[in-house]
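Have a look at the structure below before the remarks.
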Ligand code: ADP
Ligand code: ZN
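Structural data, given as structure tokens:
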């Protein structure tokens, strides 16, 4: 079965065709402009690909409540032309195939839990640290949704005593995203993250905030694996620092098999940066399965 996958991001749209075993057969990338310009180009790409379903991992916030009138729409995004846009409906109409839909970071989580380092685990989290911070959660073997979807990237974090930066989040100032996403690093230190590689104090503070949040995620969700991805994690020194600080912050309170091997507990993504698009493929597969079950009734 051929399936379509779309990673819908704020700067680019990655479109791919793949198969049920997670293999990507082809892909293209299209810049994200307005829906009016971008959506017909995406439809054009998928139209003659003979796909049985489409999966979309989308930038948020999005409506994931299947009982809501606006299910499948993008919600209050700062990207104004996309606010309220019915992205799922557009493809359902245009392609007449089942469409699976979730957040981009849930897509990455799903990719890793289907084909990557979280395979077979019933509880795991994926954290992306990039332009924003997003968290995808697998709990009880399924992506966790709740009212909408977890927004753990906005977990409130007290600034470290020596940190006078007010934080970049327009809602919370110092939430994790406001303190530790790429744009916060850039504003606090006056240079882009990739140009700060030789400033140990930058990454020491970054690791502190990431570890603070990760420790809280561990205490709340008891994940069996923690995956840290996104552009900021390209700083290779970070992951080791986060592991060490999490260990300190847990302060010997928890004793599990997983925590005894921090190197395989807190990890970088395992799918060569394909976790998002592969997860979107799985969203498409699941939508197809759900549709088949409904049809057979
Ligand atoms: P997005 O979150 O927009 O999908 P990315 O995950 O690539 O995209 O994250 C982009 C952010 O990551 C930017 O703020 C950028 O400055 C930061 N970033 C990218 N590469 C690096 C790097 N090597 N070191 C530190 N920060 C980086
Ligand atoms: Zn916030």
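In the working numbering, the protein residues as written are 764 to 1060.
Quick reminder that beta carbons are idealized off the backbone N, C-alpha and C, glycines included.
Is any non-hydrogen atom of the ligand ADP found closer than 8 Å to the C-beta of residue i, if you look at the structure I gave you?
| i | result |
| --- | --- |
| residue 949 | yes |
| residue 955 | yes |
| residue 894 | yes |
| residue 970 | no |
| residue 959 | yes |
| residue 930 | no |
| residue 820 | no |
| residue 774 | yes |
| residue 866 | no |
| residue 771 | no |
Should residue i be labelled buried (16 or more other beta-carbon atoms within 10 Å of its own) or exposed?
| i | result |
| --- | --- |
| residue 1018 | exposed |
| residue 1006 | buried |
| residue 791 | exposed |
| residue 782 | exposed |
| residue 863 | buried |
| residue 892 | buried |
| residue 800 | exposed |
| residue 1044 | buried |
| residue 960 | exposed |
| residue 1014 | exposed |
| residue 843 | exposed |
| residue 1116 | This structure does not reach residue 1116, given that the chain is present from 764 up to 1060, and the question cannot be answered. |
Quick check: does the Cβ of residue i come within less than 8 Å of any heavy atom belonging to the ligand ZN?
| i | result |
| --- | --- |
| residue 993 | no |
| residue 934 | yes |
| residue 941 | yes |
| residue 1018 | no |
| residue 912 | no |
| residue 997 | no |
| residue 778 | no |
| residue 917 | yes |
| residue 938 | yes |
Assign residue i to one of three DSSP states: helix, strand, or coil.
| i | result |
| --- | --- |
| residue 806 | helix |
| residue 932 | strand |
| residue 981 | helix |
| residue 880 | coil |
| residue 1050 | helix |
| residue 886 | coil |
| residue 927 | coil |
| residue 992 | strand |
| residue 801 | helix |
| residue 921 | coil |
From the DSSP output, which residues share a beta bridge with residue i?
| i | result |
| --- | --- |
| residue 780 | 767, 789 |
| residue 821 | 771, 866 |
| residue 1009 | Bridge partners of residue 1009: none, in fact. |
| residue 906 | 901 |
| residue 915 | Residue 915 pairs with nothing; no bridge assigned. |
| residue 938 | 919 |
| residue 837 | 825 |
Any chance the CB of residue i is under 8 Å from a heavy atom of the ligand PLP?
| i | result |
| --- | --- |
| residue 836 | Looking for the ligand PLP in the displayed structure turns up nothing; the ligands present are the ligand ADP and the ligand ZN. |
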